[in-house]
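Trainee: Residue numbers (my numbering), protein chains in the order written: chain C, 11 to 373; chain H, 11 to 373; chain R, 11 to 373; chain Y, 11 to 373. Glycine included, C-beta positions come from ideal geometry on N, C-alpha and C. None of the values given here were measured: they were computed from a predicted structure. Handing you a structure now.
There are 4 protein chains.
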Amino acid sequence: MGMVYLCKLHCEKILDLMIHFDTDYLSGAHPKVLERLLVTNSDLTPGYGADAYTQRAKELIRSACGTPDARVYFLVGGTQTNATVIDGLLARHEGVLSAESGHINVHESGAIEAAGHKVLTLPTQDGKVTAESVQNYIRDFYADDTYEHMVAPGMLYISFPTEYGTLYSLEELEALSRVCREHGIPLFVDGARLGYGLAASNGTITLQDIARLCDVFYIGGTKNGALFGEAVVVTQPNLLKNFMPLIKQHGALLAKGRLLGAQFEALFTDDLYMEISREVVRKALCIKSLFVEKGFQVEVDSPTNQQFFRLPNAVIDRLLTEVSFEIWGPRGQEQSVVRFVTGWHTTDADVDRLAQILRMFTK
Amino acid sequence: MGMVYLCKLHCEKILDLMIHFDTDYLSGAHPKVLERLLVTNSDLTPGYGADAYTQRAKELIRSACGTPDARVYFLVGGTQTNATVIDGLLARHEGVLSAESGHINVHESGAIEAAGHKVLTLPTQDGKVTAESVQNYIRDFYADDTYEHMVAPGMLYISFPTEYGTLYSLEELEALSRVCREHGIPLFVDGARLGYGLAASNGTITLQDIARLCDVFYIGGTKNGALFGEAVVVTQPNLLKNFMPLIKQHGALLAKGRLLGAQFEALFTDDLYMEISREVVRKALCIKSLFVEKGFQVEVDSPTNQQFFRLPNAVIDRLLTEVSFEIWGPRGQEQSVVRFVTGWHTTDADVDRLAQILRMFTK
Amino acid sequence: MGMVYLCKLHCEKILDLMIHFDTDYLSGAHPKVLERLLVTNSDLTPGYGADAYTQRAKELIRSACGTPDARVYFLVGGTQTNATVIDGLLARHEGVLSAESGHINVHESGAIEAAGHKVLTLPTQDGKVTAESVQNYIRDFYADDTYEHMVAPGMLYISFPTEYGTLYSLEELEALSRVCREHGIPLFVDGARLGYGLAASNGTITLQDIARLCDVFYIGGTKNGALFGEAVVVTQPNLLKNFMPLIKQHGALLAKGRLLGAQFEALFTDDLYMEISREVVRKALCIKSLFVEKGFQVEVDSPTNQQFFRLPNAVIDRLLTEVSFEIWGPRGQEQSVVRFVTGWHTTDADVDRLAQILRMFTK
Amino acid sequence: MGMVYLCKLHCEKILDLMIHFDTDYLSGAHPKVLERLLVTNSDLTPGYGADAYTQRAKELIRSACGTPDARVYFLVGGTQTNATVIDGLLARHEGVLSAESGHINVHESGAIEAAGHKVLTLPTQDGKVTAESVQNYIRDFYADDTYEHMVAPGMLYISFPTEYGTLYSLEELEALSRVCREHGIPLFVDGARLGYGLAASNGTITLQDIARLCDVFYIGGTKNGALFGEAVVVTQPNLLKNFMPLIKQHGALLAKGRLLGAQFEALFTDDLYMEISREVVRKALCIKSLFVEKGFQVEVDSPTNQQFFRLPNAVIDRLLTEVSFEIWGPRGQEQSVVRFVTGWHTTDADVDRLAQILRMFTK
């Protein structure tokens, strides 16, 4: 049904001559996710996630994570999820360790602080933090006589992949997990783009690894084929008890919670979540190859769906007549860093068209 | 297209022998709203409400309100909207006046307080507050020598309709607006069920009246045919400046903001919002008549889509075998108050079936 | 030394013909407390309470409470102490149960809410709450299907004596303690005027009883002979861990913490705290007798240092020419409620003078 | 009177063979401040700063600042004052710009964040920020397309002197003031050690300059001869309106506010505040000379009462047998940075004794 209709829509879109690599939330939901919402639309269910779709989605996720006892919660968006989880994990006198470039430190309008918590920043080059820097921070903190006048590191926040598209290796994740557990602070992974990270790891890191090494993490839906939605997985029974009223308090409890359940049911049926992720990453790597082949400089060596290049401003200006993407800032007078992002909406035709356009540039 | 498909779904539903009057958010979106999401699903648009659907929806709402200069914002849910708006309207030392029964005081898990603000309660019988009680509160407050040790009334929150389904008359709204403006505090209307209030007023109160008398209000989508979404209308230019970062800070900024725009575009096209509202209210009044005819006691005389009856417990028990609805609490040993709610999903068949069931009761 | 000097000051004061019963914080410190500050003024000590006076004061308090393992903290004022303790005891989704008339609910400018917590009010006539009302609140709360949308009762706050000068009996305190412990919520006693409560109980309630029945309480200094200062006693080892950084975060950590230590050392040496309390209460009861003898109506039957009378407005006007006191509000057209408070500064001469003035009134 | 007594105390202290340069809040109040508290101790006054001493102190401060219309408020301590003022100056979506090393960012246990606000850090070497860095921060912020997802710079916080004892020149202050006023954000000066900064400027910066260039600042008492107390001066009429309830909400309103009034009355009578400051700075500079003469390395070139040296660890160990001071951290394996602080309690004998001790060191 919807397929014909959606095809018609897509044809209209083609008339829009621009191709778009701005973000991974440029379009609606993946057809299979949308279909699930259609199919269930008229069903009458209780609100707030007490419906059968949500229960099934939780089961599917627990199963995919290999954690039959984990608790799963569905929230609407990433900033909301970060603020609610972090608020639930921290005591009043504690703050959250994060890379300086962490989303919570830069792009959430102070949501963490609005809930009363300081973001304790760790220096970073590529969006990642090291177990050593976490270890040192905690050690130095408690070695300071005045530590009771300072904000105690109460948890670690990392993003996987990071804001720069980079990935932690399994060894790095294990080291972070170890240092957190040694010091009794939870490790929380912002997985707004988790699927892309897992897909990019080429099987070296699995969802089960994430579930095993992290205490709380979320599986991003918004940027991965859903209309919206993030699935929070709590693997430690003693964390985030009484999380439901906190979700409500943060305005994050969707009345028609079934919409989240239904979407994640679709995403975790027949491996759709990873299938989308792999395909989106594949296209991103194609784009990376295109730029590399033309001799352009890769700014950050990202294996995921966000690619950063350092381009001459003249090239950027010409590209912008046919392609949209984000400009992240100047590098000297002549060059700037740009970001190209693929999403489930990105087609092979989009990539081909970009190849065509780039071919016109002489290096 | 979707229609045939949705009909099939509905047929399946009929096999569920229960009829449901629990809430007005039992199902997904009204078919026309859903269709709009379908039609736009593959479009590529910028995020966070910077898309054309959202712009059009804002225009349609401004036009329906008769306020060409009002600012319109779309948020996801009611608690979120209340918390964000109230946080934006109050200074740190101020609290929000509300009926004791106000949703913000009872059913939002302390979201207002979590943002640092006290709810200052006014007594109520039927969910409404009077201009006189507001006037007296403010007068007594500033007459108290110790008022700087107390929380200043910084705004008034009312719900229209109230949590008991009751309505303010135009005169009552005008009096509340007057007392607020005299004292320089904003009047904020929680319109989670605004359409039902307007529909029930039989034309005595219009959306334009609301826009004229209130400083900020919202038009509820979640309970009125949308998947989710509340449209905040700010009619005073000096209020809620810098509201976007506050929405983000509250985790209330939807990445795919277009979903809100598209839904409200549909709701405010061809009068769909009021058409749904009128139909839903009509069915609620049918149900009220059914109970009244059978001689059951109306607990609150509500003209809107929430109906409250006082029923013998034996009746409740028998009803519950075929009908679902909420039980609000006991009235003595033998009776309890129940709530019946209609929504866009309620069919004439549902009402007929209820009539049939009630007919079996002898008074 | 200081005595002669202070006498001189007092003589000057007598020239002020008015007598003052406004509050119990009208003057500086009791001479013995002041002397301790004088004696220690030039000593050099570490800051923030890490000095020997503070350690000694803690020992004296632990000993007076009969709780050798209790932790003791010194803060500056009552509102600060309430806000810091309550913030430390509650989880984010919890609120604090309190009588409607509780200081935290009325006269702290929303300090509790500013830290993110709702005050959950219990009705009261005389400033007290009953174990039954607490029990019912908790039972009804968890019986409500929607309790995850509401603020959970996370602790009980009571004041002893209450804001109306009334006292809980030992049986009442035991019942409150029992219901709190049954439900696993801490009982916190605001003891801003604790000494007066203990003195007024005529030995039926001791400091040891308070320490045994409450989980956290404070011994008020500000209103009981100190320049300022409240001693928080934590009898449960698992509560308020990491309280020092929270005190700092609340701006409640005095740099020269020794000032608090020295004052409480004085107050808990040779039973000074209770000696002051008994004397102040004795004078308050004298005043009560004076009014009763003249046939004036007692508004609240208070056994402590705050006395409330209902007086004809004409009487009030005449009194105000020679006596200062607080007017708490009208009772009809002809009468008002007034509050008379005694403090360590109140002299027998003050009371005699009041007797003289009252004698001039014909009933 | 007190003088003889205090001398006796001082004699006792001399028996303590150690000399102490740990902080500037090692002792009680300057004798003249203490005497003022003694003299007024028995007076009966209204609470919360509504007494005559407080009014007089405000007048004296306004007069010293040359700002007859400024509003003056008295709070108890520095962290409290920073948290309350910053909370009052910022809108909810705004943060406070501060040097990375700012007290609010490092040593206030997250008090700013607990009130909901992010500290936006500027890099610094010596505790100072430059007008250029402020200008760039603001320019870059609004140049960023995503600025509504970030925390807006809503004010500038600087400390004078800084946490490293360094000073802004008049030109630097003027430049900071200019950039703040151009961008409409208030400039707030943490003057916990303001007197020492003014004294150290040798007349190039006056209290009037501070009052002219800053929008809000405070005059520190705690570290400058008072038992406690900070005098907040608000020079802009439109800022911090309704500051009293905010002070109360932050638990910062002292019941016996007269204690603050009386102390600042003393400090601002006969130039006592500056007299103390000059003397304390003079002694600090003596100490600096002693170390320089011995060839030790000055770590930060501070003209104020905090002096930082880089000493061999062996030297530190020997010094610590007779002198107490703070160790700020290692510089390599062999050396550490130490801080020596003078206060009103520091005597010439203390400095002479230090000279004597240092003389025993061969370079």
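Once you ignore the five residues that flank valine 361/H on each side, which residues in its own chain have a CB closer than 7 Å to its CB?
Mentor: Only Lys293, Cys296 and Ile297 meet the Cβ criterion.
Trainee: Below 7 Å on C-beta distance, what does glutamine 259/H contact in chain C?
Mentor: Going along chain C in sequence order, the residues near glutamine 259/H (Cβ under 7 Å) are Ser119, Gly120, Ala121 and Ala124.
Trainee: Would you kindly work out how many angstroms separate the C-alpha atoms of glycine 137/R and valine 106/C, rounded to a whole number?
Mentor: Computed Cα separation, rounded: 41 Å.
Trainee: Confirm, please, whether the CB-CB distance from tryptophan 354/Y to glycine 201/Y is below 8 Å.
Mentor: Not a contact, by the Cβ cut-off of 8 Å.
Trainee: Is it right to say leucine 44/C is buried, meaning 16 or more other beta carbons lie within 10 angstroms of its own, or is it exposed?
Mentor: The residue is buried, with at least 16 neighbouring Cβ atoms inside 10 Å.
Trainee: Could you please give me the residues that DSSP links to threonine 131/Y through a beta bridge?
Mentor: The partner list for threonine 131/Y (beta bridge, DSSP) reads Ser108/Y.
Trainee: Please report how far the alpha carbon of asparagine 212/C lies from the alpha carbon of phenylalanine 319/C, in whole angstroms.
Mentor: C-alpha separation (whole angstroms): 23 Å.
Trainee: In the DSSP assignment, what residue or residues form a beta bridge with tyrosine 228/C?
Mentor: The partner list for tyrosine 228/C (beta bridge, DSSP) reads Val242/C.
Trainee: In the DSSP output, which residue or residues are listed as bridge partners for glycine 339/R?
Mentor: Bridge partners of glycine 339/R: Val347/R.
Trainee: Quick one: any contact between the segment 75-85 of chain Y and the segment 132-147 of chain Y, if contact means 3 or more CB pairs under 8 Å?
Mentor: In short, these stretches do not touch, since the Cβ pair count stays below three.
Trainee: Taking just the CA atoms, how far does serine 187/C sit from glycine 339/Y?
Mentor: The alpha-carbon atoms of glycine 339/Y and serine 187/C are separated by roughly 29 Å.
Trainee: Checking 8 Å against the spacing of the C-beta atoms, do leucine 100/Y and leucine 250/Y come in under that value?
Mentor: No; because the gap between Cβ atoms is not below 8 Å, this pair is not in contact.
Trainee: Suppose the cutoff is 7 Å on Cβ atoms and the five residues either side in sequence are ignored; what does the same chain contact list for proline 322/H look like?
Mentor: Answer for proline 322/H: Glu344 and Gln345, listed in chain order.
Trainee: For arginine 288/R and phenylalanine 278/R, I'd like the C-alpha separation in whole angstroms.
Mentor: The straight-line gap from Cα to Cα measures roughly 14 Å.
Trainee: Using a Cβ cut-off of 7 Å, which residues of the segment 239-258 of chain R contact any Cβ in chain C, in chain order?
Mentor: Listed by position, the residues of the segment 239-258 of chain R near chain C (Cβ gap below 7 Å) are Asn252, Met254, Pro255, Leu256 and Lys258.
Trainee: Report all residues from its chain with a CB closer than 6 Å to the CB of isoleucine 220/R; omit the five preceding and five following residues, and keep chain order.
Mentor: The answer, listed in chain order, is Phe227.
Trainee: In terms of alpha-carbon separation, which member of Gly38/H, Lys42/H, His30/H and Gly126/H lies closest to leucine 282/H?
Mentor: For leucine 282/H, the nearest C-alpha among the options comes from Lys42/H.
Trainee: If we define contact as Cβ-Cβ less than 8 Å, is asparagine 51/R a contact residue for chain Y?
Mentor: Cβ-Cβ to chain Y under 8 Å: yes for asparagine 51/R.
Trainee: Going along chain C, which residues have a C-beta under 7 Å from threonine 156/Y?
Mentor: Within 7 Å Cβ-Cβ: His117.
Trainee: Given a limit of 9 Å on CB to CB distance, which residues of the segment 268-293 of chain C reach chain R?
Mentor: Answer in chain order: no residues at all.
Trainee: Could you give the DSSP three-state label for tyrosine 147/C: helix, strand or coil?
Mentor: Helix.
Trainee: Which one or two residues does DSSP pair with serine 169/R in a beta bridge?
Mentor: Paired residue(s): Asp200/R.
Trainee: When you check each C-beta in the segment 125-143 of chain H against every C-beta of chain R, which residues fall closer than 9 Å?
Mentor: So the close ones are Ala125, Gly126, His127, Lys128, Val129 and Thr131.
Trainee: Which chain Y residues sit within Cβ distance under 7 Å of valine 161/C?
Mentor: Going along chain Y in sequence order, the residues near valine 161/C (Cβ under 7 Å) are Ser119 and Gly120.
Trainee: Would you check if the distance between the CB atom of glutamine 273/R and the CB atom of leucine 130/R is smaller than 8 Å?
Mentor: In this structure, leucine 130/R does not lie closer than 8 Å to glutamine 273/R by Cβ.
Trainee: Looking only at its own chain, which residues have a Cβ that is under 6 Å from the Cβ of methionine 13/C, when we skip the five neighbours before and after it?
Mentor: Its pLDDT being 37, under 50, methionine 13/C is placed unreliably by the model, and the measurement read from it follows with that caveat. Within the same chain, methionine 13/C has no close Cβ partners at all.
Trainee: Between which two residues does the alpha helix (DSSP H) holding phenylalanine 253/R run?
Mentor: Its alpha helix (DSSP H) spans residues 253-259.
Trainee: For alanine 39/C, decide whether its Cβ has a neighbour in chain H, counting only Cβ atoms nearer than 8 Å.
Mentor: It does: the Cβ of alanine 39/C has a partner Cβ on chain H nearer than 8 Å.
Trainee: Would you mind reading off the limits of the beta strand (DSSP E) that contains glutamate 118/H?
Mentor: Taken as a continuous stretch (DSSP letters only), glutamate 118/H belongs to no beta strand (DSSP E), as it is neither H nor E.
Trainee: Let me confirm a value: cysteine 21/R is counted as buried when at least 16 other C-beta atoms fall within 10 Å, else exposed. Which label applies?
Mentor: Low confidence applies to cysteine 21/R: its pLDDT is 42, below 50, so where it sits in the model is not reliable enough to give any reading.
Trainee: Determine, using beta-carbon pairs with one atom in the segment 257-277 of chain H and one in the segment 63-70 of chain H, whether at least three such pairs fall under 8 Å.
Mentor: Short answer: they touch.
Trainee: Quick check: the Cα distance between leucine 197/C and glycine 261/R, rounded to an integer number of angstroms?
Mentor: Cα to Cα, the separation comes out at about 30 Å.
Trainee: In whole angstroms, what is the alpha-carbon distance linking glutamate 285/C and glycine 205/C?
Mentor: If you take the alpha carbons of glutamate 285/C and glycine 205/C, they lie about 9 Å apart.
Trainee: Expressed to the nearest angstrom, what Euclidean distance is found between the alpha-carbon atoms of isoleucine 326/Y and serine 312/Y?
Mentor: When rounded, the distance between both Cα atoms is 20 Å.
Trainee: State buried or exposed for valine 302/R, treating a residue as buried only when at least 16 other CB atoms are found within 10 Å of its CB.
Mentor: Exposed, because fewer than 16 other Cβ atoms sit within 10 Å of the Cβ of valine 302/R.
Trainee: Which of the three DSSP states is assigned to phenylalanine 318/Y in this structure?
Mentor: Strand, per DSSP.
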